[in-house]
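Novice:
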Amino acid sequence: GQQLNQSPQSMFIQEGEDVSMNCTSSSIFNTWLWYKQDPGEGPVLLIALYKAGELTSNGRLTAQFGITRKDSFLNISASIPSDVGIYFCAGQSYNQGGKLIFGQGTELSVKP
Amino acid sequence: EAEVAQSPRYKITEKSQAVAFWCDPISGHATLYWYRQILGQGPELLVQFQDESVVDDSQLPKDRFSAERLKGVDSTLKIQPAELGDSAMYLCASSFGPEYNEQFFGPGTRLTVL
Chain L
-3 GQQLNQSPQS
7 MFIQEGEDVS
17 MNCTSSSIFN
27 TWLWYKQDPG
37 EGPVLLIALY
47 KAGELTSNGR
57 LTAQFGITRK
67 DSFLNISASI
77 PSDVGIYFCA
87 GQSYNQGGKL
97 IFGQGTELSV
107 KP
Chain V
340 EAEVAQSPRY
350 KITEKSQAVA
360 FWCDPISGHA
370 TLYWYRQILG
380 QGPELLVQFQ
390 DESVVDDSQL
400 PKDRFSAERL
410 KGVDSTLKIQ
420 PAELGDSAMY
430 LCASSFGPEY
440 NEQFFGPGTR
450 LTVL
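Top line first, the protein sequences correspond to chains L and V. Our numbering puts the first residue of the first sequence at -3, with every later residue one more than the last. Our numbering puts the first residue of the second sequence at 340, with every later residue one more than the last.
(1) Opposite V106/L in the DSSP bridges: which residues?
(2) Could you spell out the range, first to last residue, of the beta strand (DSSP E) harbouring T451/V?
(3) According to DSSP, what are the bridge partners of Y429/V?
(4) Please report the straight-line C-alpha distance between Q376/V and G12/L, rounded to a whole angstrom.
(5) On a CA-only basis, which of G81/L, S75/L, G62/L and Y46/L is nearest Y90/L? Give me that one, please.
(6) In whole angstroms, what separates the C-alpha of L450/V from that of T20/L?
(7) Span of the beta strand (DSSP E) holding V80/L?
(8) Look at V442/V and Y372/V and say whether their C-beta atoms are less than 9 Å apart.
(9) Taking a Cβ distance cut-off of 8 Å, strictly less, list which residues of the stretch 380 to 407 of chain V are near chain L, in chain order.
(10) Express the C-alpha separation of A357/V and E103/L in angstroms, rounding to a whole number.
(11) Looking at the secondary structure, which residues open and close the beta strand (DSSP E) in which K350/V lies?
(12) Could you name each continuous alpha helix (DSSP H) segment of 4 residues or more that falls completely within the stretch -1 to 65 of chain L, going from the start of the chain to the end?
(13) For a quick check, are the C-beta atoms of K95/L and D395/V less than 9 Å apart?
(14) Starting from the beta carbon of G445/V, find every residue of chain L whose beta carbon is closer than 7 Å, and list them in chain order.
(15) When DSSP labels each residue in this structure, what does G436/V get in the three-state scheme?
(16) What's the call for F8/L, buried or exposed, on a 16-neighbour Cβ count within 10 Å?
(17) To the nearest angstrom, how far is the alpha carbon of P446/V from that of P347/V?
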C-alpha cells in the first residue's frame, strides 16, 4: 500500500542530544500526525498538525506542518533514555476518505 | 483515562485455523479502524467503520478476512483460514468521527501463524 517516505530509518544518539526526523510525500495531506510506538505496544499519539506552516509543541517535542503540505518534521530536544522507540508520521487527506497513511518509522536509540 | 481495549494480546495458531480479535473503542467514538502492521513497517488500514457501517474495506482480503461492528460499539475481526503471511500485529484505533483526525490506538494483538 501507499506509504510516506520517513527518514532517517534509525538513529543512535547520546542522552541530552537533540533529534530531528522528517516525513515526505508525493501528494498533499490535510493533517499530519506523529506517533511513538514501544515494542509490543500500539502507537501513542504525540502531536497533531492541521494547518500548513503550523508549529506545535508537546513538552520536549516540536513538530511542523510543511508549507507545501507534502512534508512534516519532528524534533526532540534534550533526549532522555525513555525517548527510545519507533516514531511514525502519518498523513491524512480528504480525497482518500480520511484514512491515515503511515511512514516506515524512525527507530531511535539513546545511549545514557 | 479512556483507552482502546483489545484482546487477546497474543495469539498463536496453525495455518488453516480460524482466529478472531476483539476491540472496544473509547466510549463515544463513532469511528473504528482495524490496521495491520507487519514487523518493520507502519500500520496499514484494513477496514474503517462509522457506527455499525463499513466506510472503507478496500484493503481487506475479503476471501479470508471479515469484520463486524453490529451495535456500533465493539468490533470483531476474523481470519478464516489463517495463512503464514497473516503473522503481524493487528491494531484497533478509534476517533470521534471521520472528520476528527486524531486516532487513538489500542495495544494490539500479535498474531503468529505456524
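Beta carbons are placed, not taken as given, at the ideal position from N, Cα and C, and that holds for glycine.
Specialist: So, from the listed chains and residues:
(1) In the DSSP output, where bridge partners are listed per residue, V106/L has I9/L.
(2) T448 to V452
(3) DSSP lists R375/V and T448/V as partners of Y429/V.
(4) 31 Å
(5) Y46/L
(6) 31 Å
(7) Here V80/L belongs to no beta strand (DSSP E), and DSSP marks it neither H nor E.
(8) Residue identity check: residue 442/V is Gln in the sequence provided, not Val. Yes. Within cutoff.
(9) Those would be Q380, G381, P382, E383, L384, Q387, V394, D395 and Q398, in chain order.
(10) 33 Å
(11) From DSSP, the beta strand (DSSP E) with K350/V extends over Y349 to T352.
(12) none
(13) Taking a C-beta distance under 9 Å as the contact criterion, K95/L and D395/V qualify as a contact pair.
(14) G38
(15) coil
(16) exposed
(17) 10 Å
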